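Residue numbers (the numbering used here): 52 to 481.
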């Protein structure tokens, strides 16, 4: 069932301030009885600085996403402060402060809640095995959504958070050479270099503190070099995780100017506007969030997707996650994050993310004429992502005439030392 969480009433002291306790209490009423994710399932090796066997090891520096970690297994994250970080003094403290951003009217808020319930129902009908989550944040910081605090594998959708942390702490000049590759091309090696500008643990501290994304955590990143968070060394989860609530709140705070100075925001916005705008031809997923929006709206939006299609990795997550900010008529906007994972039909996960974003836009833009439905919605297309072919069996050499001759004992000098027999697991030369 869709839920609404009121905007935070706590002010933020500077861009790096931690969300105050009142925000935590407010979020608790929105989070429900959610439980923390469990650790990786039995059989997972203890966390070390070495790569997890389920982590696909890169061989070349490409822009292909290869960043799944084994899902922590829990359906819901621990209760967290799912509130806007704010950006200025509390109401009444500064007479020169701009007026607060307007929220939705009660009627529109009710209509959005009904729509979210409908989208949740539709996701279950299309693919009962899939896990769908959706969050929408309005300019005043109010969050609407369902399963907004459930943790999912983050893939590349959280690269904007890492980039914002590096801009804030290391400076725009250090980030600028790396960001186009990391964000526009989704290059995992460039993203690793952005992490290195401040360090993996500092990225996590900034994410939880300044950005308030307390359900998001970067456990490890193995591209170019191995980066392992202290939490993993201490025995914590080795999964890179996020929530749609975190992503939507991050984008809302970014758009309001709460997280970065104007130059930093302008640059990050430019890179996120250069990402993919659609999801055609069939099988392309990077622009799912914007694929069904009006052309001018999609062109002005900012977003970053994360995707783990079938058979890409040892961990079969089948994730489609996309988040960003979509403009509305009259200069308003909304932040949105949508995810579908673990389904039987990946094309329906991609289509659902596109449909959800479009229907939320059409409602909030009051544009009943815009059609969000597409031919093929709800129709499984497993042929778009085929299983890799089975490896060919090794050809057996034809028997030689010598095989028909009885083997004779080898005559050796008594003083000659024979080479030792190889171990069973020793690699022999060809």
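Even for Gly, the Cβ is constructed at its ideal location relative to N, Cα and C. Note that the structure is predicted; figures quoted are calculated from it, not measured.
C-beta contact flag for residue i and residue j at 9 Å
i, j, result
"residue 340", "residue 377", "yes"
"residue 311", "residue 218", "yes"
"residue 205", "residue 293", "yes"
"residue 372", "residue 358", "yes"
"residue 308", "residue 316", "yes"
"residue 305", "residue 192", "no"
"residue 379", "residue 415", "yes"
"residue 248", "residue 225", "yes"
"residue 203", "residue 430", "no"
"residue 153", "residue 383", "yes"
"residue 268", "residue 259", "yes"
"residue 275", "residue 244", "yes"
"residue 342", "residue 409", "yes"
"residue 196", "residue 54", "yes"
"residue 201", "residue 182", "yes"
"residue 418", "residue 178", "no"
"residue 352", "residue 375", "yes"
"residue 272", "residue 255", "no"
"residue 401", "residue 336", "yes"
"residue 155", "residue 163", "yes"
"residue 211", "residue 319", "yes"
"residue 239", "residue 207", "yes"
"residue 199", "residue 295", "yes"
"residue 209", "residue 298", "yes"
Cutoff 8 Å; reference residue i; Cβ partners in own chain excluding five residues on either side
i, result
"residue 253", "216 and 220"
"residue 235", "322, 325 and 326"
"residue 52", "168, 171 and 197"
"residue 246", "213, 217, 254, 269, 272 and 278"
"residue 159", "414 and 415"
"residue 180", "393, 394 and 395"
"residue 176", "429"
Span of the alpha helix (DSSP H), counted from its first residue to its last, around residue i
i, result
"residue 436", "Neither: residue 436 is in no alpha helix (DSSP H) and is coded neither H nor E."
"residue 425", "Where residue 425 is concerned, there is no enclosing alpha helix (DSSP H), given that its DSSP letter is neither H nor E."
"residue 408", "397-415"
"residue 55", "Segment 54-56 is the beta strand (DSSP E) holding residue 55; no alpha helix (DSSP H) there."
"residue 208", "Note, residue 208: premise wrong, no alpha helix (DSSP H); not H, not E."
"residue 223", "223-226"
"residue 350", "346-351"
"residue 282", "281-284"
For residue i, the three-state DSSP class (helix, strand or coil)
i, result
"residue 359", "strand"
"residue 259", "helix"
"residue 378", "strand"
"residue 371", "strand"
"residue 197", "strand"
"residue 325", "coil"
"residue 294", "coil"
"residue 254", "helix"
"residue 336", "coil"
"residue 162", "helix"
"residue 184", "strand"
"residue 271", "strand"
"residue 243", "helix"
"residue 172", "helix"
"residue 306", "helix"
6 Å CB neighbourhood of residue i in its chain, flanking five on each side removed
i, result
"residue 397", "360, 361, 369 and 436"
"residue 432", "398"
"residue 174", "183 and 403"
Residue i: CB within 8 Å of a non-hydrogen atom of the ligand FMN
i, result
"residue 186", "Among the components of this structure there are no ligands whatsoever, and the ligand FMN is therefore not found."
Span of the beta strand (DSSP E), counted from its first residue to its last, around residue i
i, result
"residue 235", "Taken as a continuous stretch (DSSP letters only), residue 235 belongs to no beta strand (DSSP E), as it is neither H nor E."
"residue 385", "384-392"
Own chain, CB closer than 7 Å to residue i, minus 5 neighbours either side, in chain order
i, result
"residue 406", "343, 423 and 428"
"residue 241", "229, 232 and 233"
"residue 302", "374, 375, 376 and 386"
"residue 350", "328"
"residue 421", "345 and 413"
"residue 314", "223"
Quiz item: On the three-pair Cβ rule with 8 Å, is the region 272-288 touching the region 182-191?
Solution: Under the 8 Å Cβ criterion, the region 272-288 does not count as touching the region 182-191, having fewer than three qualifying pairs.
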